[in-house]
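Asks:
Numbering (my numbering), first residue to last: 3 to 122.
(1) Pair every Cβ in the region 58-68 with every Cβ in the region 40-47, then say whether three or more of these pairs are closer than 8 Å.
(2) Specify the secondary structure class of residue 27 as computed by DSSP and reduced to three states.
(3) Give me the DSSP bridge partner(s) of residue 49.
(4) Would you mind reading off the limits of the beta strand (DSSP E) that contains residue 103?
(5) If I'm right that residue 97 touches residue 119 with Cβ under 8 Å, what's the distance once you round it to whole angstroms?
(6) Excluding the five sequence neighbours on either side, which residues of its own chain have a C-beta within less than 7 Å of the C-beta of residue 65, listed in chain order?
(7) Quick check: the Cα distance between residue 87 and residue 68, rounded to an integer number of angstroms?
(8) May I have the straight-line CA-CA distance separating residue 111 from residue 93, to the nearest angstrom?
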């Protein structure tokens, strides 16, 4: 499910944003049955894109570890996954390159929430 205000605008490199958001959505889809993407303006004029899933999630004390290149937090769960653990690292690098960030939290769907923030 995708919900977004069609009037949202952010000054970004389109290919880089596509890659970052694609990585976040692909990561969620690989570990969950349901994925929701929402986007809205922030009070400071920026944009916040939220990817929620209903998968097993990540313990809060391992959120930052998940951004380390080649990080695969649960090898048993990831045996059949094609990725090499770069998706979150790339997404964060792209966001920071635009003056923003990517953070993780618990999702109201029960799994993981990834939040990509871009400045106004």
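Just so you know, even glycine gets a beta-carbon here, dropped at the ideal spot from N, CA and C.
Replies: Based on what the coordinates show:
(1) no
(2) helix
(3) 43 and 120
(4) 103-108
(5) 7 Å
(6) 106
(7) 8 Å
(8) 21 Å
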